[in-house]
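K.L.:
Chains as they are written, first to last, in our numbering: chain A, 1376 to 1680; chain B, 4 to 325. Ideal Cβ placement from N, Cα and C applies to all residues, glycine included. Every value quoted in this text rests on a predicted model; they were computed, and no experiment measured them. For reference, the structure I am asking about is given below.
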Amino acid sequence: MSGIFIFEQALNGLQFGLMLFLLAAGLTLIFGVMDMINLAHGSLYMVGAFLCAWLASATGSFVYGVLGGVLLSALFGAALEISLLRSLYMRDHLSQVLATFALILILNDGVKMIFGSDLPLVAPAALDGPVELLPGLMYPAYRLLILTVGFALALVLYLLVQKTRLGALVRAGASNREMSGAMGVNVARLFTGVFAIGAALCAVAGGLLGPLLAVQVGMGENILILAFVVIVIGGIGSIRGALIGAILVGAVDTLGRTLLQHLLREFLPPQWASAAGPAFASIAVYVFMAVVLVVKPRGLFPVRS
Amino acid sequence: MALPDRPAASSIGTLVPGAVLALALPWLLQALQMDFYLSVASRVVVYAIAATSLNLVLGYGGMVSLGHAAFVGLGSYVTGILLAEGVTGFGVHLVATVAITALMALVIGAISLRTRGVYFIMITLAFAQMLFYLANSVKGYGGDEGLTLRARSLLPFGIDLKNGIAFYYVALCVLAAALFALARFVPSRLGRAVLAGRDDEVRAEALGFATFRYKLAIFVAAGALAGIAGALSVNLQGYVSPNALHWTQSGTLLVMVILGGVGSVWGGLAGALVLLLLQEVLAAYTQYWEFWTGWVLLAVVLFARRGLAGLLFDLRTRLAAR
Chain A
1376 MSGIFIFEQA LNGLQFGLML FLLAAGLTLI FGVMDMINLA HGSLYMVGAF LCAWLASATG
1436 SFVYGVLGGV LLSALFGAAL EISLLRSLYM RDHLSQVLAT FALILILNDG VKMIFGSDLP
1496 LVAPAALDGP VELLPGLMYP AYRLLILTVG FALALVLYLL VQKTRLGALV RAGASNREMS
1556 GAMGVNVARL FTGVFAIGAA LCAVAGGLLG PLLAVQVGMG ENILILAFVV IVIGGIGSIR
1616 GALIGAILVG AVDTLGRTLL QHLLREFLPP QWASAAGPAF ASIAVYVFMA VVLVVKPRGL
1676 FPVRS
Chain B
4 MALPDRPAAS SIGTLVPGAV LALALPWLLQ ALQMDFYLSV ASRVVVYAIA ATSLNLVLGY
64 GGMVSLGHAA FVGLGSYVTG ILLAEGVTGF GVHLVATVAI TALMALVIGA ISLRTRGVYF
124 IMITLAFAQM LFYLANSVKG YGGDEGLTLR ARSLLPFGID LKNGIAFYYV ALCVLAAALF
184 ALARFVPSRL GRAVLAGRDD EVRAEALGFA TFRYKLAIFV AAGALAGIAG ALSVNLQGYV
244 SPNALHWTQS GTLLVMVILG GVGSVWGGLA GALVLLLLQE VLAAYTQYWE FWTGWVLLAV
304 VLFARRGLAG LLFDLRTRLA AR
């Protein structure tokens, strides 16, 4: 195991973490402010990826495809919020679970009706090759693009929420919705906007990860759970918590998949290591979350006092 | 949470015809030459047991668990692995399944009950995901492809669960026992204490009830019952795969309970019956049956706020008021 290998894996973990952050950002705000469990957030990721792939093949350009897909997803998210989700904010968690689970079924089959069960999406040819980051360290150019976009968006979002007036309104809503409403904030309109941005970020993650993973029906269901893990670790409603949680989860997942496997191979007989390795790696994230919750039952950065 | 206090529509008038219909169903289907539907009926019964066990946790214990399918799947794996190893006695299967799923529920419950509200939802989900990935990794028993079985559990007197009718009646007995136990549990001293903890935990604790212990006991009992549902399920399908533990399965069980009526004795049965029959009917007409199921569920959330049991209850009170 060389230093370069570890560095490369750390970059992969960071890249995955940043994509998770894009998914978790909208989820944590809706969850934190509206106290709304949205199981269909993973479906927005799927819808976004399909829109990106469809537009990319229609326009022949990956960039136009992703940009258009992100824009359409934002509109879709806003329409969804206004037509349905808004009426669920005041309902109990069980109704929200039932309604958004129903939404998963509808969107999965709806996408299948319109686009089929999967669509091809390939990265632009110019980014096919590797780039030499350091002497001896070759890193795929496309993954570097994901890292850069993820970083830029995370920074913009962080500044938007932490430093601007709009962000202050959102944070005020997160710590006490009724009070900020009483102070004259139009919480309803604010959160149509937040939801649209959340959907757009999902589409960015879906479009960028599409060429690496597959654009297929059901792609949102497993990553949704990871996004939930992220926001629970970070503290529900906290954008800073989501960022740190996402990077931690990305690191634990990727390091679990690579370094842990290496370690197991050193200490266990090979047939044991090959059986236990993948299981340990997948489980590591959830063990991490359970430990965080047992030590800090409200996450690392609790928003409400 | 909107939890109906009263088990709706559970009078003798509906109970007796329902029980007679359930008992006579195999003959009825044979007479109508629709034998195929017996396996559908068996599936409804197995899901009803699983949903009833979740209703115990959710409707009576007041704990929203999004990882309940893990116990069903674990039960399927315990029985499936015993069958694969050549152990065929149903008694052994039940004892092993109940022991292991109850132990697992004890561990998961003891840790999860330290958290509240949405954090409880998420930590039960996390534990279920751990078991899901564990099931994926047991290469000796099928790994992610799942475990296919030739043999089925054997009961005394030469009853083989491979026989569809025998299976149906065994599953029906388990369901009846579970419903009977639940109906007896609610007005019992223990049941009252558990409901008090659900409705106002602080007050129940101030009155001297050890709410944590009651909740844990409920969680363990429900885990064991879910395990039995799993043991039956693997006998019905002859197959178990990690998908049985996937969170969407937990979601489906949750949907059944909410649909049928949270905290109503019949909620689990009603939800399983309605959802599975709805799927069966829709699947006969379209491959996109999930799409239409979704719309029906949405309509229930928006227009029938207390599930089908609540809807029935409202109807009865409205009719009675006339």
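#1: Closer than 7 Å by C-beta to A:R1673: which residues in its own chain qualify, once you throw out the five before and the five after it? Chain order, please.
#2: Apart from the five residues on each side of it in sequence, which residues of its chain come closer than 7 Å, Cβ to Cβ, to B:H96?
#3: In whole angstroms, give me the CA-to-CA distance for B:L31 and A:T1629.
#4: Pick out whichever of B:L193, B:I231, B:D147 and B:A181 has its Cα sitting closest to the Cα of B:V74.
#5: Measure from the C-beta of A:F1603 to each C-beta in chain B and report whether the shortest distance is under 7 Å.
#6: A:E1383 to A:L1512, Cα distance in whole Å?
#7: Output the distance between the C-alpha atoms of A:A1527 and A:S1448, rounded to the nearest integer angstrom.
#8: My output table needs one value for B:P29: the three-state DSSP class, helix, strand or coil.
#9: Does the beta-carbon distance from B:G274 to B:L257 come in below 7 Å?
#10: Spatial neighbours of A:L1404 within its chain, please: C-beta separation below 6 Å, excluding the five flanking residues on both sides.
#11: For chain A, is any of its Cβ atoms less than 7 Å away from the one on B:E293?
#12: Of all Cβ atoms in chain A, is any one closer than 7 Å to the Cβ of B:G132?
#13: Does the beta-carbon of B:E88 have 16 or more other beta-carbons within 10 angstroms, so that it is buried, or is it exposed?
#14: Kindly give me the distance between the Cβ atoms of B:L152 and B:Y242, rounded to whole angstroms, as I take these residues to be in contact under 8 Å.
#15: I think A:Q1636 touches A:R1518, with their Cβ atoms under 8 Å apart; what is that distance to the nearest whole Å?
#16: By the three-class DSSP mapping on this structure, what secondary structure does A:N1664 have?
#17: Please list, in chain order, the chain B residues whose beta carbon lies closer than 9 Å to that of A:H1468.
#18: Following the continuous beta strand (DSSP E) through A:M1513, name the residue where it begins and the one where it ends.
#19: Does DSSP put B:D163 in a helix, in a strand, or in coil?
#20: Where DSSP assigns a beta bridge to B:Y242, which residues make up the other side?
#21: What residues in the stretch 1477–1490 of chain A have a beta carbon less than 9 Å from any beta carbon of chain B?
#22: Find the nearest neighbour of A:A1431 within the set A:A1453, A:I1379, A:L1494 and A:T1475, judged by alpha-carbon distance.
#23: Quick check on A:D1628: does DSSP put it in helix, strand or coil?
#24: Once DSSP output is grouped into helix, strand and coil, what is the label at B:P20?
#25: Tell me which residues share the same chain as A:V1590 and place their Cβ nearer than 7 Å to its Cβ, disregarding the 5 neighbours each side in the sequence.
#26: Sort out for me which residues DSSP pairs A:V1506 with in a bridge.
#27: Mapping DSSP to helix, strand and coil, what is B:A5?
#28: Let me confirm a value: A:T1633 is counted as buried when at least 16 other C-beta atoms fall within 10 Å, else exposed. Which label applies?
#29: Report yes if the C-beta distance between B:V265 and B:G62 is below 7 Å; otherwise report no.
#30: Here's a check: name, in chain order, each residue in its chain whose Cβ is nearer than 6 Å to the Cβ of A:L1583, leaving out the five neighbours to either side.
#31: Answer yes or no: do A:L1397 and A:L1530 have a C-beta to C-beta separation smaller than 7 Å?
#32: Quick one, are the C-beta atoms of B:G254 and A:F1406 less than 7 Å apart?
#33: Alpha helix (DSSP H) containing B:L134: first to last residue?
P.N.:
The short version:
#1: G1610
#2: T82, L85, S156 and A234
#3: 57 Å
#4: Contrary to the premise, residue 74 of chain B reads as Phe rather than Val in this sequence. The residue with the shortest Cα to Cα distance from B:F74 is B:I231.
#5: yes
#6: 8 Å
#7: 20 Å
#8: helix
#9: no
#10: V1569
#11: yes
#12: The sequence shown places Gln at residue 132 of chain B, not Gly. B:Q132 counts as touching chain A.
#13: exposed
#14: 7 Å
#15: About 20 Å separates the two Cβ atoms, so there is no contact after all.
#16: According to the sequence shown, residue 1664 of chain A is Met rather than Asn. Of the three classes helix, strand and coil, the one that applies to A:M1664 here is helix, per DSSP.
#17: M4, V67, G120, V121 and I124
#18: L1512 to P1515
#19: strand
#20: B:T151
#21: A1477, L1478, I1479, L1480, I1481, L1482, N1483, D1484, G1485, K1487 and M1488
#22: A:L1494
#23: helix
#24: helix
#25: A1424, F1425, A1428, D1493, L1494 and L1496
#26: A:Y1514
#27: Only weak support is given to the placement of B:A5: the predicted model assigns it a pLDDT of 43, under 50, and the value that follows is read from those uncertain coordinates. The answer is coil: DSSP assigns B:A5 none of H, G, I, E or B.
#28: buried
#29: yes
#30: I1521
#31: no
#32: no
#33: G120 to S140
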